[in-house]
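J.: Residue numbers (my numbering): 2 to 80. Where is the CB? At the ideal position from N, CA and C, for every residue including glycine. Before anything else, here's the structure in question.
Structure follows, in structure tokens:
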């Protein structure tokens, strides 16, 4: 999975006001897990969390932010 291309495609949909599909939402949630290294994962989690704030549909926005919070807690080592 090309994380940059996936992120850019979803960002473009959000900025165009297109409602995201369930597939788009799941890609956003699992995307950080597809990159190697904790630092890159953390950077991508932060980018996605910021982008999620721009999702116009409140239910979708809350889903992504909640999933990101859970994933961060479970998969990112905060030493």
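1) At a cut of 8 Å, does the region 64 to 76 reach the region 42 to 54 through at least three beta carbon pairs?
2) Buried or exposed for residue 58, going by 16 or more other Cβ atoms inside 10 Å?
3) Measure the C-alpha to C-alpha separation of residue 18 and residue 10 and round it to an integer number of angstroms.
4) Kindly indicate which three-state DSSP category residue 37 falls into: helix, strand or coil?
T.: Taking the definition as stated:
1) yes
2) exposed
3) 13 Å
4) coil
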